[in-house]
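Residue numbers (the working numbering): 2 to 920.
Yeah, the Cβ is synthetic: ideal placement off N, Cα and C, and Gly gets one too.
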């Protein structure tokens, strides 16, 4: 800020509205405490920030340099170049002639009609509140929100539509009940309990159970094949002796395989865990909450069985319960994290503002930002989801930063004696452009995520949210501050904290200049070391993993146990997912998704060679598949044909008649075989594997328990590609892997787009504002370092890229620019006003650096509490957000001064060389 900006010499020629605020806010123009009586308008003596005789030095230092490296600069009557603030019209007395139309139009409204501005913003908040409450966005949770647009998901949906009630989308849902008994889950009492449970759920009105299968029902069928209902099977088992039961257990396992844990042996006829499969007959497009109600009612029925207790030895699990538990996780996370975040934010904002009015204004502005963003989502019909949960901490981080800067800069002016209106006009005049640059570059970094389907909603909501943040903190907050300060002036309402953060005599003011001292002593060595180190960290960060599956949404048991120690309302609900996962992995040696599906959609399935092609594709399987060494363990239409052939001699004759090779696979007139199969007792099984028009089939291949997700998916895709029919690999594993691949691609593409757009905008902005594009380039040095440090930290802490944190790298550019632009903008004002580079840096780091530090501490501690979240994805994002903000602050305060000094030296050397060459 130059002497011209801050002196009162121009006050008499300023905007008459500025000198007469009484007409708009009621302040008495004759009152000695009004704006007209401000000390800054007396025009006597140099003010504390004046550069003294530094003007001539500025002329010597900047003159030739400017002529050789930038367009001719405007100068004042002393020959000194006008600063950025001068050219944008930021003098304390009515310079409405600046080049920035937003500042020129808004500043008079803020200082002359503050309450009008406040009322308008409150009315708009009411409108957005209506959108938030009554908009059509809704809510999404779980993995489905990220998989909808993938090719594998679309193939899966097509398959579900073609195969009737095999999926919830077309009607029908399933659940599994796990029964545990360390002594023997296959004991006669346990078998009777299972059958009693099956009879209860199959006969209860409204429960809509279509069928159920358990080890007990399979064993009962071995004892008496005519026993078809659970009640009949109960009687059969009840009459059998232990020897008969043991023999039936061995026979059932040999024929069909018992759904029991892997510790089972036929000799012992015992196991620890049994699984009961339940199928519900639900309407097509049934709501997840309706399905969950059926499954929870099934759990209640299990609790009513003597010897079954869902708190001890029985657990039920299904897709609907999974969806409900994901939503419950969001609630349990919010009830702990949000209060903790509010408390910490309140503490640090209290320290930063040290005034109840300023604190209240800051909090109201933060709440308004959230309401506007939620309202926009409602009006735009964008559902709230896990991925959007991270938008709001980012908006709070930027809002906290904007608010502290506005209040801190305003206090700097007030401590020098400037009147309320003049102080705020100087503040908004200087900061509005900085906030605008930050907003536009942050919009770029957020909106860059629209390049990916997975992060598109995040990009849209975050971009609009940051625009709302700029408007609220750039217009509403200053207007509210002016209005309340004028109300307090002349009253006995106490003034609390009025000094800015980082003043010279404070502890912060003595610590912050460390970066300036390094820049004074060894800037080149330090900068080179930092750049080399940053490049090394970036290279290390390229090895960060990418993961996505249902498990990513659920915490481990230790985390849940920690939460359960919290008092009453803060304690989490019950979660079955991790317990079921333990059963599947430890007792059944398979993952939650143990198969991949090959979906064949090809009219050539009616050709004579179609079945033989399916058989060929399953031979010599990849190691990622379960197999007997020569053939993959898979369920296909071939298995239905083979099973019916064994049960029906007439059908067996048909198969043999059209099997020219004698291997049991028809290769002639297959339509005749299909017709007879669909007319047989195996028609239901056939319709689950082949559409009735013979145009599509599905093959489910078992995945080896030791195979990684990417290995299984690669094997499935290779199998589909090898088929001469039109085949697509799908199923949950394939869908999840598709999301993983898109995450990696979107993270890189959005990072590149954000960086390019930000770099271009910064360079053009500073070229237009200051005639020096190099200022924009200097801004990018700490930004790139922040991104490199964040990527390296992700790998070091074992945080993989996920749909939740995929935008973090591009977002880190916006966070970095938020800090560097504030620092650089203040430095440019001080430097261009005539100060020597180190003096300009010292003023900058003590003034703007104090606000940056307050913002960093509030954001890191207040929003870093996301690390306390139950959901691992949110927990990891909290860690990354805290690290990203800290790195942005650290590189701005410590690294940027050295980059500036090195640039200044290079420019001076080039200037000297230019003069010598001309001489």
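Kindly indicate which three-state DSSP category residue 435 falls into: helix, strand or coil?
helix
Does DSSP put residue 48 in a helix, in a strand, or in coil?
Because residue 48 carries a pLDDT of 29, less than 50, the predicted location of this residue cannot be relied on, and no value is offered for it.
Residue 476, enclosing alpha helix (DSSP H) - first and last residue
Taken as a continuous stretch (DSSP letters only), residue 476 belongs to no alpha helix (DSSP H), as it is neither H nor E.
Supposed close pair residue 802, residue 748 - CB separation, criterion 8 Å
Contact annotation, residue 802 with residue 748: C-beta distance approximately 6 Å; criterion of less than 8 Å satisfied.
Leaving out five residues on either side along the sequence, give the residues of the same chain with a beta carbon under 6 Å from the beta carbon of residue 745.
547
Let me check understanding here. Comparing Cα to Cα, which of 430, 277, 446, 152 lies closest to residue 106?
430
Output the distance between the C-alpha atoms of residue 361 and residue 861, rounded to the nearest integer angstrom.
For residue 361 and residue 861, the distance between alpha carbons rounds to 21 Å.
Measuring from the CB of residue 366, is there a heavy atom of the ligand PLP at a distance below 7 Å?
This structure simply doesn't include the ligand PLP, nor any ligand for that matter.
Decide if residue 629 is buried, meaning its Cβ has at least 16 other Cβ atoms within 10 Å, or exposed.
Residue 629 sits exposed, since fewer than 16 C-beta atoms from the chains shown fall within 10 Å of its C-beta.
If I follow the unbroken alpha helix (DSSP H) through residue 824, where does it start and stop?
809 to 833
On the premise that residue 596 lies in contact with residue 160, defined as a C-beta separation below 8 Å, what is that separation, rounded to the nearest angstrom?
Rounded, the Cβ-Cβ distance is 13 Å, inconsistent with contact.
Rounded C-beta distance between residue 807 and residue 539? I'm assuming under 8 Å.
Wrong, their Cβ atoms sit about 18 Å apart, outside the cutoff.
Less than 8 Å between the beta carbons of residue 812 and residue 395, yes or no?
yes
Mark residue 556 as exposed unless 16 or more other C-beta atoms lie within 10 angstroms of its C-beta, in which case mark it buried.
buried
What number of angstroms, rounded off, separates the C-alpha of residue 441 from the C-alpha of residue 527?
31 Å
Same chain, Cβ closer than 7 Å to residue 776, neighbours up to 5 away in sequence not counted:
767, 825, 829
Using C-beta distances below 7 Å, list every residue in its chain close to residue 118, excluding the 5 sequence neighbours before and after it, in chain order.
The residues are 110, 111, 476, 477, 480.
Paired residues, beta bridge with residue 213 - DSSP:
279
Buried or exposed, going by whether 16 or more other CB atoms sit within 10 Å of the CB of residue 604?
exposed
Would you report the Cα separation of residue 783 and residue 757, rounded to the nearest angstrom?
When only Cα atoms are considered, residue 783 and residue 757 end up about 15 Å apart.
Three-state class that DSSP yields for residue 610 in the structure shown:
coil
Measure the C-alpha to C-alpha separation of residue 911 and residue 535 and round it to an integer number of angstroms.
Whole-angstrom Cα-Cα distance: 28 Å.
Taking the alpha-carbon of residue 561 as reference, which of 827, 574, 174 has the nearest alpha-carbon?
574
Got a sec? Which residues, its chain only, sit under 6 Å from residue 600 by beta carbon, not counting five neighbours each side?
156, 160, 699, 729, 731
If you count every other CB in all the chains shown that lies within 10 Å of the CB of residue 194, and 16 or more means buried, which is it?
buried
Residue span of the beta strand (DSSP E) that contains residue 725, given as start and end:
Run containing residue 725: none; DSSP gives neither H nor E here.
Would you check if there are 3 or more beta carbon pairs closer than 8 Å linking the stretch 194 to 205 to the stretch 223 to 243?
yes
Could you tell me which residues DSSP puts in a beta bridge with residue 699?
600
Which stretch, first to last residue, makes up the beta strand (DSSP E) that contains residue 789?
Run containing residue 789: none in the beta strand (DSSP E); it sits in the alpha helix (DSSP H), 775 to 797.
Is residue 893 helix, strand or coil when you go by DSSP?
helix
Where residue 162 and residue 368 are concerned, what is the direct C-alpha to C-alpha distance, given to the nearest angstrom?
Residue 162 and residue 368 have their C-alpha atoms roughly 44 Å apart.
If you measure between the beta carbons of residue 219 and residue 253, is that distance less than 8 Å?
yes
For residue 319, list the residues DSSP reports as bridge partners.
176
Using 8 Å for Cβ pairs, my map puts residue 674 next to residue 665. What's the rounded Cβ distance?
That pair is no contact at about 12 Å.
Cβ neighbour criterion (16 or more within 10 Å) applied to residue 275
buried
Go ahead and label residue 918 buried or exposed: buried means 16 or more other beta carbons lie within 10 angstroms of its beta carbon, across all protein chains shown.
exposed
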